[in-house]
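Participant:
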Amino acid sequence: MDESCLEKGTHRGLSPLSPLAQAPICQIPGEPDLYGFGVRVGIYLTWVSSWLANNFVEGEMASSLDTNAIFLFALALTVGVLTVKREKIWVIDANILLQLSSGFVFGVMTIWGRRTAFYRKGHFGGWGTHSRLLLCTTISAYSLWFWIGGVVDPDPDCFLRTECDGLRWFIFANVRMDDPVVRTIAIVLSAAACLYYGAMFLAALAAFARVAVLREPWENDEIEMRQSLRLWSAPQVLASAANLFFILYMILSVEFTLNFNNVGGVLANAGIANSSQLTPLLIRGLTFTRLLWVLCKERFRPCHHAPGEDESSTKRAPEYRESRLLYRLLYAWLPWLATFHTRWSYGALPPAALPPLSNDPEHELMTCQNPHSDG
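Going by UniProt numbering, the residue at position 138 of the sequence shown is 138; the numbering climbs one at a time, nothing skipped.
#1: My parser needs the beta strand (DSSP E) runs of 3 or more residues fully inside the segment 173-214; what are they?
#2: Would you report the Cα separation of VAL91 and VAL182, rounded to the nearest angstrom?
#3: Roughly how many whole angstroms lie between the Cα atoms of GLN99 and ASP33?
#4: What are the complete alpha helix (DSSP H) segments, minimum 4 residues, inside the segment 53-98?
#5: Less than 8 Å between the CB atoms is what I'm expecting for ASN261 and ILE43, so what's the real figure, rounded?
#6: Smallest Cα separation from ARG299: which of PHE37, ASN174, VAL57 and LEU258?
#7: Just tell me which of LEU195, LEU267 and ALA242 has its CA closest to the CA of residue 406.
#8: For VAL263, list the residues DSSP reports as bridge partners.
#9: Is the segment 192-207 touching the segment 284-293 in the sense that three or more CB pairs, one from each, lie closer than 8 Å?
#10: Find the nearest neighbour of VAL41 within the set ARG284, SER240 and ILE171, judged by alpha-carbon distance.
#11: Please identify the residue among TRP51, THR46, LEU82 and THR83 whose C-alpha is closest to the C-alpha of ILE70.
#12: By Cβ distance, which residues of its chain are closer than 7 Å to THR287, with the 5 residues on each side in sequence left out?
#13: Tell me, please, which residues DSSP counts as bridged to ARG168.
#14: Roughly how many angstroms separate the alpha carbons of LEU252 and ASN243, rounded to a whole number?
#15: Quick one: measure Cβ to Cβ for GLY36 and VAL263, integer angstroms, because I've assumed they're closer than 8 Å.
#16: If you run the structure through DSSP and keep just helix, strand and coil, what is ILE148?
#17: State buried or exposed for SER63, treating a residue as buried only when at least 16 other CB atoms are found within 10 Å of its CB.
#18: Are ALA94 and GLY149 close, meaning C-beta to C-beta below 8 Å?
#19: When DSSP labels each residue in this structure, what does GLY36 get in the three-state scheme?
#20: For TYR196, collect the residues of the same chain with a Cβ closer than 7 Å to its Cβ; drop the 5 residues on either side in sequence, then sort them by chain order.
#21: Cα separation between GLU255 and ALA199?
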């Protein structure tokens, strides 16, 4: 076996005489601490939990967004530090970590045209919004660099699988990672994401300067916007379904990529080897279980109505949301438009048509008349 392969195994805590270090050249030693089976399952549970929260449990939306931002920051920091320390990361490692990051960025941070939090203020975000935009811009820029130069960076032959038809990647098919067509597609998508988030971040900075530096007041800051998750329309259902499909695709992409490249020590048959995998799995598993409990409690709780209140008085007309679909989509994908025209950001629903939040006293009366008819 190539000497550098033995060095790679030694960096990962393996003796040069260990079975994994002496494995056939088509097998690549993986990084169980970074993307082992337990770590990946915990991340997948986070994605599914976020989808459920953003579609069915509005009270969990804000905490879910914060959790995802922390996870994404940890992944981005790991990728950046290991890339600087060239002996610690290789093409397959960077590819898997980028896929996991992409699952956060496009699967749960951006909810396919749907808001990820309630907006109860007359301006666009604060430090949290700006930090998430910067984080997504950084991930997109790293992805662009990776597909332009990182994927062809000279690794030892044993980690490029040159004798086994090269490194493989799953994008609806088993393809070579360094194939010119595949790289071109990846570069175009990465560049588009980089431009999008970069423009969003620069516009957000301009918005911050407008208020913080020029002290220019906001318009209509007394208006309150709240998006009901219980008023579904056909575009919302399609967007939610597309979002779920993307999450499932990212899970399959990561798992198939690892199997196609025969990455050792991280596949499902390797199990959960140490606490670095067990701890995130338990945390995410318990969080997911709690979310399911909250969802079941909200959807199936008993109903109580005020005296004299009939069923028709508890319903909200969906036509308000249909009439402002364009505004809602623009504000979801380009939220900094609120800086220049606040009416756009608050045109989704008139205040009278907004349902109460989950912590409002009359929330139960408004939402549990028929838990199956409005969600």
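Backbone N, C-alpha and C define an ideal beta-carbon position, used for all residues, glycine too.
Facilitator: In short, the structure shows the following:
#1: The segment 173-214 contains these whole beta strand (DSSP E) runs: 174-176.
#2: If you take the alpha carbons of VAL91 and VAL182, they lie about 15 Å apart.
#3: Each residue's Cα considered, the two are about 16 Å apart.
#4: For the segment 53-98, the full-length alpha helix (DSSP H) segments reaching 4 residues or more read 61-84 along the chain.
#5: Contact flag wrong, Cβ pair sits at about 19 Å.
#6: The residue with the shortest Cα to Cα distance from ARG299 is VAL57.
#7: Outside the shown range of the chain (1 to 375) lies residue 406, about which nothing can therefore be said.
#8: Note: VAL263 is bridge-paired with ILE28 in the DSSP secondary-structure output.
#9: Under the three-pair Cβ rule at 8 Å, the segment 284-293 does not count as touching the segment 192-207.
#10: For the options ARG284, SER240 and ILE171, the alpha carbon positioned closest to that of VAL41 is the one of ARG284.
#11: It is THR46 whose Cα lies nearest to the Cα of ILE70.
#12: Same-chain partners within the cutoff: SER49.
#13: Answer is ARG176, bridged to ARG168.
#14: Straight-line Cα distance between these residues: approximately 14 Å.
#15: With a Cβ gap of about 10 Å, GLY36 and VAL263 do not count as contacting.
#16: Correct three-state label for ILE148: helix.
#17: Within 10 angstroms of the beta-carbon of SER63 lie fewer than 16 other beta-carbons, which makes it exposed.
#18: It is not a contact, given that the beta carbons lie outside the stated cut-off.
#19: When secondary structure is reduced to three states using DSSP, GLY36 falls in the coil class, being assigned neither helix nor strand.
#20: Here TYR196 has no same chain residue with a Cβ atom under 7 Å from its own Cβ, once five neighbours each way along the sequence are excluded.
#21: GLU255 and ALA199 have their C-alpha atoms some 33 Å from each other.
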